[in-house]
Amino acid sequence: AILRRGAGAGLLVAFALLLGALAMRTILIGHAPWSNLHEFSLAFAAALIGTHLMMGRANSLEGLAPLTALLAAGLVIFTLGLDDRVDPLVPALQQPLLLTIHVGSAVVAYAVSGVAFVAAAAEIGQARSGDRIPLLPPASAARAIGHRAVLIAFPILTIAIALGSVWAHLAWRTYWSNDPKELAAAATWLVFGAYLHIAGRRDRWERLAPWLIVLGFAGVLFTYIGAGLFFIGEHSYAAP
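Numbering (my numbering), first residue to last: 956 to 1195.
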C-alpha cells in the first residue's frame, strides 16, 4: 500500500513537471510540442501519466501505479539521450493544425495503449501466479482495465492514421506511400483490431488476449522509435 501511494504521488509530481516542460517548450517554439522525437517522447510520458490519473478513479488503477511509473520513467530516461535542439520545422511539418491534431492524437493513442499494456502485463503476471502478487490488481480487474483502455485507444489510433493519410497527401501528393512508419502503424492497428475481435471470448483464444495487447504496444514502440531508427523513409526527420 505504501509503494502504491508513493508511486501515485510520484506520478502526480511527474505529471506536473512534464506539463510545465511541455508548456515552456510550446512557448519557446511557437507550435505544438511534438515535432521531433525529443518533444514527442516528453508528450508521450506526460500523456501516459495523465491517462493513468484520469482513468484511475473510475477504474481502480492504483494497483498499476508502480508499473505506470516504471514505463513513464523509461520514456523520460530515453528522452534524456535525445537531441533537444530547437530547429525550424521541415517543410512537411509546416501544417500547424495537422501537427496539433494528427501527432496529438497519436500521442494520446500511444499513451492509452501504454495503460493497456501495463494492465495486460499485470493480468499475465497475476494469471500465472494465481493472483499472488500483492502489489498488482487481480487478473480479472487488470483484464477489465486493459480492455477499457484498448476500447479508447483503438478509435483514437484510427483517427491518427486517417489524419496522417490526409497530411501525407498534402505534403507528398499521396495518401499512402508504404513508408516504414505508415506500415508499422497499420500493423499495430491490425493487432489491436485482432484483440478486440477475440476479447471476451471464453475459449482457447482467451489466454491470447493480453498477449495481443503486449504485441500491440510493441508495435506502438516500434512505430514510435524503431521505424525511424532502422529504416529510411518519409518520417526519417523524426528519427533519434
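Note that beta-carbon positions come from the ideal geometry of N, C-alpha and C, so glycine has one too.
Sub-8 Å separation of residue 1101 and residue 1071 beta-carbons: Taking the sequence shown and counting its residues from 1, the one referred to as residue 1101 is at position 146. Taking the sequence shown and counting its residues from 1, the one referred to as residue 1071 is at position 116. With a cutoff of 8 Å on beta-carbon distance, residue 1101 and residue 1071 are scored as near each other.
Residue from 973, 1021, 1067 and 1040 whose Cα sits closest to the Cα of residue 1010: Within the sequence shown, the letter at position 55 stands for residue 1010. Minimum Cα distance to residue 1010 is reached at 1067.
Residue 1164 beta carbon less than 8 Å from that of residue 1179: The count along the sequence shown starts at 1 and reaches residue 1179 at position 224. The count along the sequence shown starts at 1 and reaches residue 1164 at position 209. For residue 1179 and residue 1164, no; Cβs fall outside 8 Å.
Proximal residues to residue 1148 (C-beta, below 8 Å), its chain only, five neighbours per side dropped: For the purposes of this step, residue 1148 is identified with residue 193 of the sequence shown, where counting begins at 1. Closer than 8 Å at the Cβ level, and outside the excluded window around residue 1148, lie 1109.
Segment limits, alpha helix (DSSP H) that includes residue 1081: Counting from one through the sequence shown, the residue named residue 1081 turns up at place 126. Element bounds for residue 1081: 1051-1084.
DSSP-derived helix/strand/coil call for residue 1132: In the sequence shown, counting from the first residue as 1, residue 1132 sits at position 177. Here residue 1132 sits in coil by DSSP.
Limits of the alpha helix (DSSP H) - the one that residue 1110 falls within: Working through the sequence shown from its first residue, we reach residue 1110 at position 155. Here the alpha helix (DSSP H) through residue 1110 covers 1094-1127.
DSSP-derived helix/strand/coil call for residue 996: Along the sequence shown, one-based indexing puts residue 996 at 41. Note: residue 996 maps to helix in three-state DSSP.
Minimum length 4: unbroken alpha helix (DSSP H) runs contained in the segment 1134-1185: Counting only runs of 4 or more, we get 1135-1153, 1163-1176 and 1182-1185.
Proximal residues to residue 1120 (C-beta, below 7 Å), its chain only, five neighbours per side dropped: Translated into the one-based positions of the sequence shown, residue 1120 becomes position 165. If we look at residue 1120 and ignore the five residues flanking it on each side, its Cβ neighbours are 1130 and 1131.
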